[in-house]
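Participant:
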């Protein structure tokens, strides 16, 4: 395992998809460094074997099948449709053409499968391990990412809606997050919510 931050490569000619996936991956695995390449030739020119994972457009995997076959455990194929995975069934795949919440859930499931409990990863920096939220905020966050609305959260926890809204704001401020997707990633990665409950 390389010292320092593990590095992930995204290889896809679609710049917009690449930038979006890079942002999501950095949220899912904050200890990772993510490099992006528009072509296989660019990857090849940059010490390709130093990467712990390749997120690769399907057409590139098909063109360079032998390279990725030899690195099958490290390769995640980016597909546009769930049915596309049939022709590359020996690889893990990620359908990038789906709603953000489903994409994040699928990414988190891949991460938990490969790196559950921090397996095969360096230890998180202390600052990322610290408990930032109060127990009540963790309860509220857990219910938010499970899809409950403010009123339902208030009823479940026997608190007022205004209190739920205040907790919500405090959670977002403390974590520096603006979306439920980012909150979901945080909750699953810190073990506050089971992936199967979202």
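Residue numbers (the numbering used here): 35 to 232. All residues carry an ideal CB built from backbone N, CA and C; glycine is no exception. Given the structure is predicted, the values throughout are model-derived calculations rather than measurements.
1. Check whether the region 218-232 touches the region 177-196, taking contact to mean three or more Cβ pairs, one atom from each stretch, closer than 8 Å.
2. Span of the alpha helix (DSSP H) holding residue 224?
3. Leaving out the 5 sequence neighbours to the left and right, which residues in its chain are closer than 6 Å to residue 47 when beta-carbon positions are compared?
4. Please report the straight-line C-alpha distance between residue 75 and residue 106, rounded to a whole angstrom.
5. Among the residues of its own chain, which have a CB less than 7 Å from the CB of residue 226, if the five just before and after it don't count?
6. Can you grab the Cα-Cα spacing for the pair residue 63 / residue 188, in whole Å?
7. Would you list, in sequence order, the uninterrupted alpha helix (DSSP H) runs of no fewer than 4 residues that lie entirely inside the region 186-212?
8. Taking the straight line between their C-alpha atoms, what separation do you get for residue 124 and residue 183?
9. Does the distance from the C-beta atom of residue 112 to that of residue 90 stay below 9 Å?
10. From this set, 83, 92, 93, 228, which residue's C-alpha is nearest residue 104's C-alpha?
11. Just grab the DSSP bridge partners of residue 110 for me.
12. If distances are taken between C-alpha atoms only, which option among 80, 122, 79 comes closest to residue 100?
Facilitator: Walking through what the data contain:
1. yes
2. Counting along the chain, residue 224 falls outside any alpha helix (DSSP H), and DSSP gives it neither H nor E.
3. 72
4. 19 Å
5. 172, 175, 176
6. 31 Å
7. 195-209
8. 40 Å
9. yes
10. 83
11. 89, 126
12. 122
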